[in-house]
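All the letters of the sequence shown, read from the start, carry residue numbers 48 to 369 under our numbering.
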Amino acid sequence: MLNGKIKLKNNIFLAPMAGITDSAFRCIAVELGCGLVFTEMINARGLVERAKHAWRLMEFKEEERPIGLQIFGSDPGMMAEAACLGVEYGYDFIDINMGCPTPKIVKNGEGAALMRDLGLSRKILESVIGAVKVPVTLKMRKGWSEEELTALSLSQIAEDAGIYWITIHSRTREQFYTGTADWGFIREIKKKVKIPVIGNGDLVDPYDCKRMLEETGCDGIMIGRGALGNPWIFRQVECYLKEGRLISPPACEEIIKTALKHLRLLTDLKGEDAGVREMRKHAAWYLRGIRGAGRARRDINRCKTIYEMESVIRGIKGDGSF
48 MLNGKIKLKN NIFLAPMAGI TDSAFRCIAV ELGCGLVFTE MINARGLVER AKHAWRLMEF
108 KEEERPIGLQ IFGSDPGMMA EAACLGVEYG YDFIDINMGC PTPKIVKNGE GAALMRDLGL
168 SRKILESVIG AVKVPVTLKM RKGWSEEELT ALSLSQIAED AGIYWITIHS RTREQFYTGT
228 ADWGFIREIK KKVKIPVIGN GDLVDPYDCK RMLEETGCDG IMIGRGALGN PWIFRQVECY
288 LKEGRLISPP ACEEIIKTAL KHLRLLTDLK GEDAGVREMR KHAAWYLRGI RGAGRARRDI
348 NRCKTIYEME SVIRGIKGDG SF
């Protein structure tokens, strides 16, 4: 059962995504029905050594709760210390990343590389769980490759260690984000452990989300890339699961309004220069499928101030005119 020490709004989560799911994005997602959010993954060593770039990622607002701090690293003591810092900062729970496939992470024996060293993984889990009184959760993949499918073993290790729940992205590290997510593997994990299992991978609409829950028996779902430019997916999924009906996609006016709010949240969080630069990619995602948005995207990429970007976004009509 998911609701316990962490009081959830629903079982539809936003996946932590590096460089994307900052406080601004999370606020939008929560407002539009997301049940649980996480920080971007943060380097445990950076937190312990008080690195500015790591601590900048720690910012969150009260309206984002419940919120988890996701940390990565390969040193059990460092991970435990970082978790303690997260609890002191006010996070509701700690999430351990053992699924990131990025080369610069795995080359240090972190992220998905830990799925190749179950002994070290066990030490990290036990160290973090023993250091904090808040729930500790775990995110992983199927394994390193199809020849090294270690998620089942790691899930059982996690359960024995006292992990609150596990999240499975049902691809291997070797796949990165290519190919098809193997939902059947999530079902196998769910059969083997008693703790809650969250499913992740290839969730882009309400139909996918309902089907994953039904086919795998998982306790919750985590949406990642399906939420880019489409934070409305959370309320769409919640309505479809609860009432069996589909909410109409947002009109152009609502998309523009949300994009403008996102821009303001970003610039409040990161300052005008960084916020405007960061918003360029989000604007491109928001404007997908809107008629006449091609020129707007080009203009947005040249914007350097809030005023310039707001003017471009407000000028989008959605009917091919601009």
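Using N, Cα and C, we set each Cβ at its ideal position, and we do this for glycine too.
In the three-state reduction of the DSSP assignment, L165 falls in the helix class, which pools H, G and I. One Cα belongs to Q117, the other to T227, and the distance between them is close to 25 Å.
Remark: C-beta atoms of M126 and A91 approach each other more closely than 7 Å.
The beta carbon of Q203 is closer than 7 Å to those of K239, V240 in its chain, skipping five residues each way along the sequence. In the same chain as R349, and ignoring 5 residues on each side of it, no C-beta atom comes closer than 7 Å to its own.
Of the residues assessed, S217 falls on the buried side of the cut-off, its CB having 16 or more other CB atoms within 10 angstroms. About 10 Å separates the Cβ atoms of M187 and L199, ruling out a contact at the 8 Å cut-off. Judged by beta-carbon spacing, K237 lies within the 7 Å limit of T263, meaning their Cβ atoms are closer than that value. By the criterion of at least three beta-carbon pairs nearer than 8 Å, the stretch 207–216 is in contact with the stretch 176–183.
Between L132 and L167, the C-beta gap is not smaller than 7 Å, which leaves the two residues out of contact. Taking 7 Å as the cut-off, the beta carbon of R220 is found closer than this to the beta carbon of A159. Going by beta carbons, I59 and V284 fall inside the 7 Å limit. Rounded to whole angstroms, the Cβ separation of I347 and A321 is 15 Å, and the two are not in contact under 8 Å.
Take the alpha-carbon of A62 and the one of T214: they are about 10 Å apart. Where M145 is concerned, the enclosing beta strand (DSSP E) starts and stops at 140–145. Of the residues S70, K52, L161, the one whose Cα lies closest to the Cα of H309 is S70.
With fewer than 16 other CB atoms across the displayed protein chains lying within 10 angstroms of its CB, A98 is exposed. Each residue's CA atom was taken as its position, placing Y287 and F223 some 29 Å apart. In the assembly as shown, D315 is an exposed residue. Its beta-carbon has fewer than 16 other beta-carbons within 10 Å. Shown here for K56: same chain residues with a beta carbon closer than 6 Å to its own, the five before and five after excluded, namely G82 in chain order.
In terms of Cβ geometry, E96 and G120 do not form a close pair [threshold 7 Å]. Contact check for L334 against M326 fails: the beta carbons are separated by 7 Å or more. DSSP, read as helix, strand or coil, puts K54 in coil. Collapsing the DSSP output to three states places S192 in a strand. When Y254, E78, L275 are compared, the shortest CA-CA separation from G66 is found for L275. Leaving aside the five residues that flank F107 on each side, the residues in its chain whose CB is nearer than 6 Å to its CB run, in chain order, S70, I114. DSSP places S202 outside any beta strand (DSSP E); the residue lies instead in the alpha helix (DSSP H), whose first and last residues are 198–208.
In the DSSP annotation of this structure, the continuous segment of the beta strand (DSSP E) that includes I270 starts and ends at 267–270. The three-state secondary structure of V284, taken from DSSP, is helix. Closest option to P253, judged by alpha-carbon separation, among F281, T68, L196, T149: F281. Around the beta carbon of L104, 16 or more other beta carbons lie within 10 angstroms, which makes this residue buried.
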